[in-house]
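Worksheet: the structure to be examined is printed underneath.
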Amino acid sequence: SGGAENIMIVGHRAVNRMILSHFLYRRTEDVPYIYIPQDRFYHIVATQYKKLFQLRPYE
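Quick note: the sequence shown uses the numbering used here, first residue 1, plus one each step.
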């Protein structure tokens, strides 16, 4: 489409773990152990060639 789209996903920790596991290629058995902090958020930049994950504080 040519244009960059930004989205923000706000959800329950368990749902966020499932979404994050898709980007991290984690096994199903590892999903409950993915770290989801309450005072920070994951900023994900995905391109065709790479994915960049940053854990950022809320401002």
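Just so you know, even glycine gets a beta-carbon here, dropped at the ideal spot from N, CA and C.
The model shown is predicted, which means the values in this text are computed figures rather than measured ones.
- Exclusion of the five residues before and after residue 45 leaves 52 as the residues of its chain whose Cβ lies within less than 6 Å of its Cβ.
- Spanning the alpha carbons of residue 25 and residue 18 requires a straight line of approximately 10 Å.
- The C-beta distance from residue 34 to residue 20 rounds to 6 Å, short enough to fall under 8 Å.
- Non-local C-beta neighbours of residue 41 in its own chain, meaning closer than 7 Å and more than five positions away in sequence, comprise 56, 58, ordered along the chain.
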